[in-house]
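Residue numbers (the numbering used here), protein chains in the order written: chain X, 36 to 145; chain D, 4 to 114.
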Amino acid sequence: SQTIHQWPATLVQPVGSPLSLECTVEGTSNPNLYWYRQAAGRGLQLLFYSVGIGQISSEVPQNLSASRPQDRQFILSSKKLLLSDSGFYLCAWGRRGEQYFGPGTRLTVT
Amino acid sequence: GQSLEQPSEVTAVEGAIVQINCTYQTSGFYGLSWYQQHDGGAPTFLSYNALDGLEETGRFSSFLSRSDSYGYLLLQELQMKDSASYFCAILRADSGYALNFGKGTSLLVTP
Numbered sequence: 036s037q038t039i040h041q042w043p044a045t046l047v048q049p050v051g052s053p054l055s056l057e058c059t060v061e062g063t064s065n066p067n068l069y070w071y072r073q074a075a076g077r078g079l080q081l082l083f084y085s086v087g088i089g090q091i092s093s094e095v096p097q098n099l100s101a102s103r104p105q106d107r108q109f110i111l112s113s114k115k116l117l118l119s120d121s122g123f124y125l126c127a128w129g130r131r132g133e134q135y136f137g138p139g140t141r142l143t144v145t
Numbered sequence: 004g005q006s007l008e009q010p011s012e013v014t015a016v017e018g019a020i021v022q023i024n025c026t027y028q029t030s031g032f033y034g035l036s037w038y039q040q041h042d043g044g045a046p047t048f049l050s051y052n053a054l055d056g057l058e059e060t061g062r063f064s065s066f067l068s069r070s071d072s073y074g075y076l077l078l079q080e081l082q083m084k085d086s087a088s089y090f091c092a093i094l095r096a097d098s099g100y101a102l103n104f105g106k107g108t109s110l111l112v113t114p
């Protein structure tokens, strides 16, 4: 069966600090991978998606970036965090209409 | 662009049936999905409609009508644990099978 891991679960970072969130998937090969962000009480906003190693499509032109260095590894990064980057970050893998989410990282930028 | 509209809140009684509607505007898509999210947790996949009609999975059913740009999630025999947020999402036709989510419907099940 497939499993998706995300870490850390919670993170408190000061404004201007860097960010690196990692996501790994087990039990499937060449998955489509996604990063979403959810603000408190809001819907999910698609940030990035990837259909293969080294391939990244960006949905939101912000100070965030993503990379996929290995088939089942997806990394979300920022060089300098903004207050508006606070939120619940979710990694997902999917096939067609079914997407499966990791446990998420709750980021607070102070 | 794409947009999805859902009611923000719905309240229903335990044991009852509730329908959560979703209307959308899009230039092209593969299908409509539904996800459940409990407070503090990650969304979990419930159902996917690639074709018009009804899909049934246990107590949950989902419906899609492309001609009406409309879908719904039907929850039967409501239980207290069904209190959660429910999101409809369009499976995009451009690339990557990415999903565009609605803002979600908060369902409260009361005794």
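Built from N, CA and C at the ideal position, the CB exists for glycine as well.
Quantities reported herein were computed from a predicted structural model and do not represent experimental measurements.
Counterpart residues of residue i in DSSP-defined beta bridges
{"i": "residue 13 of chain D", "result": "D:110"}
{"i": "residue 8 of chain D", "result": "D:26"}
{"i": "residue 140 of chain X", "result": "X:124"}
{"i": "residue 34 of chain D", "result": "D:94"}
{"i": "residue 57 of chain X", "result": "X:42 and X:110"}
{"i": "residue 133 of chain X", "result": "X:130"}
{"i": "residue 75 of chain D", "result": "D:24 and D:66"}
Closest Cα partner of residue i within the set the options
{"i": "residue 113 of chain X", "options": "X:42, X:94 and X:56", "result": "X:56"}
{"i": "residue 64 of chain D", "options": "D:78, D:85, D:40 and D:70", "result": "D:78"}
{"i": "residue 101 of chain D", "options": "X:45, X:83 and X:40", "result": "X:83"}
{"i": "residue 127 of chain X", "options": "X:139, X:100, X:76 and X:75", "result": "X:139"}
{"i": "residue 5 of chain D", "options": "D:114, D:83, D:35 and D:66", "result": "D:35"}
{"i": "residue 51 of chain D", "options": "X:75, X:144, X:120 and X:129", "result": "X:129"}
{"i": "residue 107 of chain X", "options": "X:43, X:73 and X:137", "result": "X:137"}
{"i": "residue 75 of chain D", "options": "D:37, D:112 and D:103", "result": "D:37"}
{"i": "residue 93 of chain X", "options": "D:99, D:55 and D:70", "result": "D:99"}
For residue i, the three-state DSSP class (helix, strand or coil)
{"i": "residue 85 of chain X", "result": "strand"}
{"i": "residue 36 of chain X", "result": "coil"}
{"i": "residue 102 of chain X", "result": "strand"}
{"i": "residue 86 of chain D", "result": "coil"}
{"i": "residue 119 of chain X", "result": "helix"}
{"i": "residue 47 of chain X", "result": "strand"}
{"i": "residue 92 of chain X", "result": "strand"}
{"i": "residue 72 of chain X", "result": "strand"}
{"i": "residue 61 of chain D", "result": "coil"}
{"i": "residue 100 of chain D", "result": "coil"}
Closer than 8 Å: residue i CB and nearest the ligand ADP heavy atom
{"i": "residue 47 of chain D", "result": "Ligands are entirely absent from the displayed structure, and the ligand ADP is therefore not among its contents."}
| said: Between the region 55-75 of chain D and the region 40-60 of chain X, can you find at least three pairs of beta-carbon atoms closer than 8 Å? | reply: Counting Cβ pairs under 8 Å, fewer than three are found: no touch.
| Validate contact between the region 8-19 of chain D and the region 83-99 of chain X using beta carbons, cut 8 Å, 3 pairs | no
| query | Do the region 40-47 of chain D and the region 18-30 of chain D meet, that is, are 3 or more Cβ pairs less than 8 Å apart? | reply | no
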